[in-house]
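Chains A and B, in that order, give the protein sequences.
Here our numbering is used: the first residue of the first sequence is 1, the next is one more, and so on.
Here our numbering is used: the first residue of the second sequence is 1, the next is one more, and so on.
Have a look at the structure below, then the notes.
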Amino acid sequence: ILNVEQSPQSLHVQEGDSTNFTCSFPSSNFYALHWYRWETAKSPEALFVMTLNGDEKKKGRISATLNTKEGYSYLYIKGSQPEDSATYLCASLAYGGATNKLIFGTGTLLAVQP
Amino acid sequence: DSGVTQTPKHLITATGQRVTLRCSPRSGDLSVYWYQQSLDQGLQFLIQYYNGEERAKGNILERFSAQQFPDLHSELNLSSLELGDSALYFCASSRRGLNEKLFFGSGTQLSVL
């Protein structure tokens, strides 16, 4: 995998459903994986930054896991609420020699119906 | 409120013109990043500054330039504007580097007519 890829592109769920999305990233020279929540007409807001294989982070009903060996991260939302509706972005940071760059995926758009 | 201030929020200009976008990072943050969000594209990294010095360069066109001033605010200069430069430009900041969360400004929506 050369780019950061997110799936699905979009997701429609009912209030109360639990859901998860996937972020795939290059596993070579991995340094950190970021998750952001981006609501319409607002700016991206950081959820997590993870660096270690097996890392698991939680913020309220949202949690994320990281597998650096196989190059993927999962974001879970338990009991989705309408206010969870947003685009969820992941971004991968790899060592790039003299400079490091944070590469973003195109996001998963989540719509939670009341 | 992320603490990152971007001005202006909206900018409408004509092809061939030059514009300057301004960003003030969160208090205490030394790194500033510029990203471009176009239709159907993810956030595209343009350039990073750390404590006044250029740290990393992404897909930034030669017509674009940036700098970070001693007070750590940053400006992104876009010249000889083309229709395709129309996009949402974000500035973000972090304390030091990319192993920390980025805090994004509200963006500048640039429309080139």
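Glycine included, every Cβ here is placed at the ideal spot set by N, Cα and C.
All of these numbers come straight from a predicted model, not from anything done at the bench.
Interface flag, residue i vs chain B, CB-CB below 9 Å
| i | result |
| --- | --- |
| residue 116 of chain A | In the structure displayed, chain A extends from 1 to 114; residue 116 of chain A sits before or after that span and is not available. |
| residue 105 of chain A | yes |
| residue 32 of chain A | yes |
| residue 89 of chain A | yes |
| residue 151 of chain A | This structure cannot settle anything about residue 151 of chain A, because the visible part of chain A is limited to 1 through 114. |
| residue 75 of chain A | no |
Those residues which DSSP pairs with residue i across a bridge
| i | result |
| --- | --- |
| residue 37 of chain B | B/43, B/88 |
| residue 62 of chain A | A/59, A/77 |
| residue 17 of chain B | Paired residues: none, contrary to the question. |
| residue 13 of chain A | A/112 |
| residue 31 of chain B | B/50, B/94 |
| residue 86 of chain A | A/110 |
| residue 65 of chain B | B/77 |
| residue 72 of chain A | A/24, A/67 |
| residue 7 of chain A | A/22 |
| residue 4 of chain B | Bridge partners of residue 4 of chain B: none, in fact. |
Beta-carbon neighbours of residue i, restricted to chain A and to distances below 8 Å
| i | result |
| --- | --- |
| residue 106 of chain B | 42, 43 |
| residue 2 of chain B | 43, 45 |
Buried versus exposed, by CB contacts within 10 Å (16 or more), residue i
| i | result |
| --- | --- |
| residue 108 of chain B | buried |
| residue 81 of chain A | exposed |
| residue 98 of chain B | buried |
| residue 14 of chain B | exposed |
| residue 42 of chain B | buried |
| residue 80 of chain B | exposed |
| residue 34 of chain A | buried |
| residue 51 of chain A | exposed |
| residue 33 of chain B | buried |
| residue 95 of chain A | exposed |
| residue 72 of chain B | buried |
| residue 175 of chain B | The question about residue 175 of chain B has no answer here: the residues shown for chain B are numbered 1 through 113. |
| residue 103 of chain B | buried |
| residue 64 of chain A | buried |
| residue 25 of chain B | buried |
Contact list for residue i against chain B, beta-carbon separation under 8 Å
| i | result |
| --- | --- |
| residue 11 of chain A | In chain order: nothing, as chain B lies at least about 17 Å away. |
Any residues in the segment 72-103 of chain B with a beta carbon nearer than 9 Å to a beta carbon of chain A? Which ones, in chain order? 90, 92, 97, 98, 99, 100, 101, 102, 103
In the segment 40-53 of chain B, which residues sit with their C-beta less than 7 Å from some C-beta in chain A, listed in chain order? 42, 43, 45
Return the residues of the segment 43-67 of chain A that lie within a Cβ-Cβ distance of less than 9 Å from chain B, sorted by chain order. Hits within the stretch, in order: 43, 44, 45, 46, 47, 48, 49, 51.
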